[in-house]
Each structure stands twice: as C-alpha cells, then as structure tokens.
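Respectively, the protein sequence lines represent chains A and B.
With the first letter of the first sequence counted as 1, position 118 gets the number 973 in the numbering used here; the numbers rise by one all the way through.
With the first letter of the second sequence counted as 1, position 72 gets the number 927 in the numbering used here; the numbers rise by one all the way through.
Even for Gly, the Cβ is constructed at its ideal location relative to N, Cα and C.
Notes follow the structure.
There are 2 protein chains.
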Amino acid sequence: MGAQRNTEQRIMAAAEKLFLEKGYILSTTTLIAKEAGVTHAMLHYYFRTKEQIFIKVLNKNLEELISSLRPVMVYQRPVWETLKEGIEMLFDFLNTHRQLAGLIYDVISYNPQLLEAYIQGLGGLKNKMFERHREMLEDEIRSGRINPISMEQIVYDIVTMNMAVFMSMTAMKNMIGFSSEKREEFIARQKSEIVSKIHYRLYGKLY
Amino acid sequence: MGAQRNTEQRIMAAAEKLFLEKGYILSTTTLIAKEAGVTHAMLHYYFRTKEQIFIKVLNKNLEELISSLRPVMVYQRPVWETLKEGIEMLFDFLNTHRQLAGLIYDVISYNPQLLEAYIQGLGGLKNKMFERHREMLEDEIRSGRINPISMEQIVYDIVTMNMAVFMSMTAMKNMIGFSSEKREEFIARQKSEIVSKIHYRLYGKLY
DNA sequence: ATTTGCATTAACAAAGTTGTTAAACAATAT
DNA sequence: ATATTGTTTAACAACTTTGTTAATGCAAAT
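Okay, structure coming up:
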C-alpha cells in the first residue's frame, strides 16, 4: 500500500460538504479534490465517476434518515402516535441536516436520472415499511374516526411540508434582512405547525 | 438591416423556456441558441452575456408578478381583505407560472450573485408598496384585533408557503407514483389552506 | 448601383469539465 | 533487499462552456 491516510474518507467528506453547499452541478470533481487536498485523479481512482460519489453521499444520508425513522415505524402503535412521532423525527433529522432537503430538490428537479436507482428501490421499501400502517389507517377511516385520505397523500404532505421549511431557510440565509434569531424562531414554530396541520386534516380539529 | 425576423424575441423565449425547465446552469448559451434556431453568437450579440439574458428573463417575470399584485396593494382596504386577495393573487400567478418558483429557488441557492441587483432594488419597492399596509397592520395589532406579528414575517410566510406548493409540484412531476389528477386536487386544496393558515395566525381562529 | 449599417455566421480562443494512463512512489511480505 | 501491491501524481485527451472576431449577407437610403 502507498501513502494513503484515509484519502477515501477525506474525499467523501469533501464531496458531501460541497454537494450540500453548491448542489450537484457546481460541485466539480476538481473542486471536491481540492477541498479534500488531493488531485482530482484520486477521486476517480476511488469512486470511478462523479455520479458514483454522489450516489454514495446520498446513500449515506438516506441511510441515516431511515435509521432515524425505523424506531418510530417498527412498532404497531395507534395511528396518531406513529404519525406524530414520524413527523417530529423527520423534522428533527432535517433540522440536523439543513441542506439535505435543498440538495434532494436540486437533484430531483435538474438531474433526476441520478435518482433512478432509488426510485426503483423505493417501491420495496414503501411496502415493507408502510404496509401495516396503511392497513391501520384504512381501519380508522372505515370506522369513521379519521377523515378519508390515502397513505400516499399523508406521506407526501408531511415530506413536502418538512422539506419546505428547511429549503426556505437555506434560501433565506442567502438573502438579506432576516436575522438568525428570527430564523430559529420560525423553525421552532414550524414543527408543531406541521403536526397540527396533519392532525387537523385527519381529525377535523386542531391538535 | 440584415435578415432579422424577431431573432431577439425568439432567443428570449427560448431562454425563458430553458431556464424554467433546466435551471440556470444547465441552460447553456449553445442550448438556448439551438432552441431558438440560431447560432449562439447571436445570443451574445443581442444580450452580451448569459447573465444579462437571465436578468432580462427574470425581470420580465417579476414585472408580470408586480403588475398582478399592484391592483391588490394600491387600495387602502381592511387588512384582511388586502391580505386574502394578495395571497390568492400570488397563488394564481405562481399557478400560471409553475416553474418560476423553482427557478428562483435554484438561483437564490446556487447563484445568488445573479440577484444582487434585485436585492438592492427590493428595499425601495418594499417601502413604497408595503409602508401604508404596515401602518394599518400595526394599528390593528395595537388595538388587539390581530395577534402580534411583523409585516416581514407575514410576507415571508406567504411567499414561502406559496413557493413550496409549486416547487413540490415540479419535483413530483419528475418522480413516479403521483397522478396528475391528484396533483391538481392537491394544488386546489393548497390555496385555501394558505389563506386559512395566515388567518389563523392573525386572528386565532380558522377562516 | 453603391454605399451604409445592422444581422448573421463560422471559426477561433481560453478556460474548465470529466475521465484515463503511464510512471513514480511507499509500505509490506518474502 | 527486493518483489509485490496498492496509492498517488502529473500529464494528457476529448469535450463543453462562454465569449470574441473577422468576414459575409442583406436591406434600405442615397
């Protein structure tokens, strides 16, 4: 072996930082390498292509997300308990990964081909993770305790509302006239806002 | 004069289409020219730089937005009337310019230097357009009819909520598993959702 | 019909992008 | 010590990007 002092990890860390900061396109392999303190040939040596390294970075982040969500989803508890904790978990995760929502949006919008592999895999995950919860939800709806709504719609609403909070934050950070206190105040308020909004949609009254 | 058959406008239209579709970076001058059916030298001849043409496209769109908003803002009517119509106007505008929110977000996030000129100008506009409404709002708050909140926060909430609706739409269009009926249904619901949410924030009860 | 002046093109240039490769290098096993 | 193996670099190649420019084309004014 040569003089490697965890070059691979250094490149990963640099790539993650830049992708989150500048998006996919503006994070050039040369820039990533520079940030990691190596030649850009190293990046290709370890990861073959820019696409590959991006996939690895995204994978790492999404696996963290799934790990956070699993403890909430794995138990069969009352629908609202699971939902509330799921929303809060997602919110907290995005709050500690504030640029991730923006990056995912960027890629979905302008480089969706990078996500093709994920979209395939998503079908399987969706079924494994959500099937029992979907059944419970449908029971609640049949018995009239919850307003009619599809599982997909709920998931969609939660995901978009959560992402919107942190994407607008990233955007605002780059504009003037918004103090960081107001930002944090806004964020704090949003978490319970989302919970309330979903509750209101399901039960017809505020939580 | 040479053989010009509104080349300038054709380039503008092509640029607008591509910027909205692919964002700023992926819309190369060569691609825009190709879309317009001319050499990319023409683009530089008429607009000097890519940055310039982008500014013109953005200007055009923002001027349309201001024009839509002016009739709502210019009269001195009760606070809630102005607010409700303002929200609905912005929503309708974004609904007929569905990719604009995404483009603005893209540029704010990854090429904010393009917006520097606007950020300067924004200060003046803000004062001219909002000053009287701010006074009315503050009167309402002092008299206890409206919960304390700053003008900036209201504008910010309205803008981010509206943008979020259409950005999530653009994103979803590029993913699978979401029918266009559900999309339209979702959009229709969002307009009154935003109105309600702002009303609730100001008056403590649903609209 | 010829000059004038904008419009248009093709070719070029400089810089930057992703990716490859041959050669040099360093650490370990033999 | 040396052969082996994986690591690192510098140089290069092919392509794309933005922008310029010299030459050409075209239409109207004189």
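Proximity test, Cβ basis, 8 Å: residue i and chain A
i	result
residue 957/B	yes
residue 1058/B	no
residue 900/B	no
Chain-ordered chain B contacts of residue i [CB-CB under 7 Å]
i	result
residue 1015/A	1019 and 1023
residue 877/A	965
8 Å Cβ cut-off: residues of chain A touching residue i
i	result
residue 998/B	Those within 8 Å of residue 998/B in chain A number zero; the least Cβ separation is about 24 Å.
residue 881/B	880 and 965
Any chain B beta carbon closer than 8 Å to residue i
i	result
residue 1026/A	yes
residue 1062/A	no
residue 930/A	no
Span of the alpha helix (DSSP H), counted from its first residue to its last, around residue i
i	result
residue 933/B	First-last for residue 933/B: undefined, no H or E at that position.
residue 893/A	Taken as a continuous stretch (DSSP letters only), residue 893/A belongs to no alpha helix (DSSP H), as it is neither H nor E.
residue 1035/B	1035 to 1058
residue 1015/B	1006 to 1028
residue 862/B	862 to 881
residue 963/B	955 to 965
residue 979/B	971 to 997
Burial state of residue i, where buried means 16 or more other Cβ atoms lie within 10 Å
i	result
residue 964/B	buried
residue 957/B	buried
residue 1017/A	buried
residue 1009/A	buried
residue 921/A	exposed
residue 972/A	exposed
residue 882/A	buried
residue 998/B	exposed
residue 929/B	exposed
residue 960/B	buried
residue 905/B	buried
residue 896/B	exposed
residue 885/B	exposed
residue 1015/B	buried
residue 875/B	buried
residue 1023/B	buried
Residue i CB to nearest heavy atom of the ligand ATP below 7 Å
i	result
residue 924/B	Because no ligand of any kind appears in the structure shown, any question about the ligand ATP cannot be addressed here.
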